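Read through the structure below, which is laid out as structure tokens, and then see the notes.
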Amino acid sequence: MQNNPLLIEITRGDVAESAHRGAFMVANDQNELVASGGDIDHPIYPRSAVKPLQALPLIESGAADRWRLSDCELALACASHNAEPRHTDSVLAWLKKVGLSERDLACGPQAPISEAARDQLLLQNICPGRVHHNCSGKHAGFLSTAAHLGEPAVGYLDLEHPVQQRVKKVLAEITDNALDEATVGVDGCGAPVFGMSLRGLALAMARYGTGTELSGPRAQAAARFYRAMVREPCMVAGTGRWCTLAMKITGERLAVKGGAEGVYCAIIPGQRIGIALKIDDGGSRAAEALMGLLLIRYAGLGSDLSAKLERLSLPAIFNAEGKVVGATRPAGEA
23 MQNNPLLIEI
33 TRGDVAESAH
43 RGAFMVANDQ
53 NELVASGGDI
63 DHPIYPRSAV
73 KPLQALPLIE
83 SGAADRWRLS
93 DCELALACAS
103 HNAEPRHTDS
113 VLAWLKKVGL
123 SERDLACGPQ
133 APISEAARDQ
143 LLLQNICPGR
153 VHHNCSGKHA
163 GFLSTAAHLG
173 EPAVGYLDLE
183 HPVQQRVKKV
193 LAEITDNALD
203 EATVGVDGCG
213 APVFGMSLRG
223 LALAMARYGT
233 GTELSGPRAQ
243 AAARFYRAMV
253 REPCMVAGTG
263 RWCTLAMKIT
273 GERLAVKGGA
283 EGVYCAIIPG
293 QRIGIALKID
303 DGGSRAAEAL
313 MGLLLIRYAG
323 LGSDLSAKLE
333 RLSLPAIFNA
343 EGKVVGATRP
353 AGEA
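If you count by my numbering, then the sequence shown holds residues 23 to 356, one letter each, in order.
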């Protein structure tokens with residue numbers, strides 16, 4: 023990590039006021055390198071950027087069909103949501119039709135990511151609950167799979183529980199990473215998180231988008247989740263969030279998913295590529311800037327969409343009077 027290149031900098035006037043190092047990988051579905059920077063083989067924790075992969079057993083097991091899950095609910099299974107009412111109401115309704123409730127969620131309570139949603143809870147004198155955790159949709163997916171297969175809800179986050187063993191198997195197969203030897207941590211929501219390479223993550227995202235090297239059922243599951251994410255981008259994150267805005271700008275051409283500590287992944291079926299990146303200092307603004315830059319270069323968006331994505335991802339820096347005083351820009355090996 024110490025040797026990773028400079029990729030993004032924030033300027034004020036002619037001075038680079040902040041600088042961000044990191045690594046990235048763009049791969050195609052034939053496991054060929056399209057572009058890279060930094061150490062793409064050093065294991066990282068992918069955090070929430072890997073949720074679309076963690077969700078695959080929900081469809082593969084038949085649980086999604088049994089519980090008649092909508093695109094909205096499938097998108098929530100991949101989400102790091104704002105805990106706006108549309109998110110929390112949907113998760114609660116989903117749990118109810120599975121015969122479960124908020125009490126069964128093991129993610130713990132969390133204040134909403136959205137400042138507006140937090141303010142609403144304060145005004146209503148409501149303490150944040152488990153459903154407000156940004157990962158509650160993923161956990162509803164875990165619980166739905168367990169309920170469908172007759173497995174206990176208690177302990178579903180334990181590494182040895184069948185729910186997590188299925189997730190581990192999927193991650194190992196689609197990333198070509200040997201996870202039996204991987205470092206295992208605990209994510210903020212309590213789920214196991216496996217150390218894996220950006221090389222493996224980028225390959226996984228490319229395969230996810232095209233179905234290459236995936237079994238028929240897994241390819242169908244990936245296609246269904248992809249469709250849900252791009253059709254319901256507001257459920258994947260929410261109002262004002264980069265993931266949601268980027269998918270709205272680009273239509274159904276690509277899906278993007280961020281994770282904590284500066285991780286981002288993208289699925290781009292039309293170009294048969296996947297992207298994975300990690301900013302060393304964990305800065306989300308740099309991760310969003312770098313992902314935007316890589317999408318502009320490799321996603322085949324055309325000039326109009328690229329210009330819109332550039333304004334979103336590489337914003338100017340303004341002072342209090344609205345005057346441009348700096349920029350967000352690529353640097354070094356970006």
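Idealized CB from N, CA, C, for every residue including glycine.
These numbers were taken from a predicted model, which means no experiment stands behind them.
Status (buried if at least 16 other CB within 10 Å, exposed otherwise) for residue i
{"i": "Ser158", "result": "buried"}
{"i": "Gly292", "result": "exposed"}
{"i": "Ser166", "result": "buried"}
{"i": "Ile148", "result": "exposed"}
{"i": "Lys279", "result": "buried"}
{"i": "Leu181", "result": "exposed"}
{"i": "Arg240", "result": "buried"}
{"i": "Asp141", "result": "exposed"}
{"i": "Gln76", "result": "buried"}
Under 9 angstroms between C-beta atoms of residue i and residue j
{"i": "Ala288", "j": "Ala298", "result": "yes"}
{"i": "Ala277", "j": "Pro79", "result": "no"}
{"i": "Ala138", "j": "His154", "result": "no"}
{"i": "Gly59", "j": "Pro107", "result": "no"}
{"i": "Leu315", "j": "Pro352", "result": "yes"}
{"i": "Ala226", "j": "Thr197", "result": "yes"}
{"i": "Cys94", "j": "Met257", "result": "yes"}
{"i": "Ala85", "j": "Met251", "result": "no"}
{"i": "Val346", "j": "Ala338", "result": "yes"}
{"i": "Tyr286", "j": "Val56", "result": "no"}
{"i": "Asn104", "j": "Gln132", "result": "no"}
{"i": "Arg253", "j": "Glu274", "result": "yes"}
Opposing strand residues paired with residue i [DSSP bridges]
{"i": "Lys279", "result": "Cys287"}
{"i": "Thr33", "result": "Ala38 and Ala349"}
{"i": "Ile295", "result": "Asn50 and Ile290"}
{"i": "Val215", "result": "Gly207"}
{"i": "Lys160", "result": "None; Lys160 has no bridge partner."}
{"i": "Ser58", "result": "Met47"}
Contact with chain D by residue i, beta-carbon distance below 9 angstroms
{"i": "Ile196", "result": "The structure shown contains no chain D, having only a single protein chain."}
Cβ separation of residue i and residue j, assumed to be a contact under 8 angstroms, to the nearest whole Å
{"i": "Ile30", "j": "Ala311", "result": "5 angstroms"}
{"i": "Ile301", "j": "Ala308", "result": "5 angstroms"}
{"i": "Gly130", "j": "Gly212", "result": "6 angstroms"}
{"i": "Ala175", "j": "Val113", "result": "Rounded, the Cβ-Cβ distance is 15 angstroms, inconsistent with contact."}
{"i": "Arg229", "j": "Leu236", "result": "6 angstroms"}
Endpoints, alpha helix (DSSP H) assigned at residue i
{"i": "Gly238", "result": "Gly238 to Arg253"}
{"i": "Arg351", "result": "Unbroken run through Arg351 is the beta strand (DSSP E), Val346 to Pro352; no alpha helix (DSSP H)."}
{"i": "Ile196", "result": "Pro184 to Thr197"}
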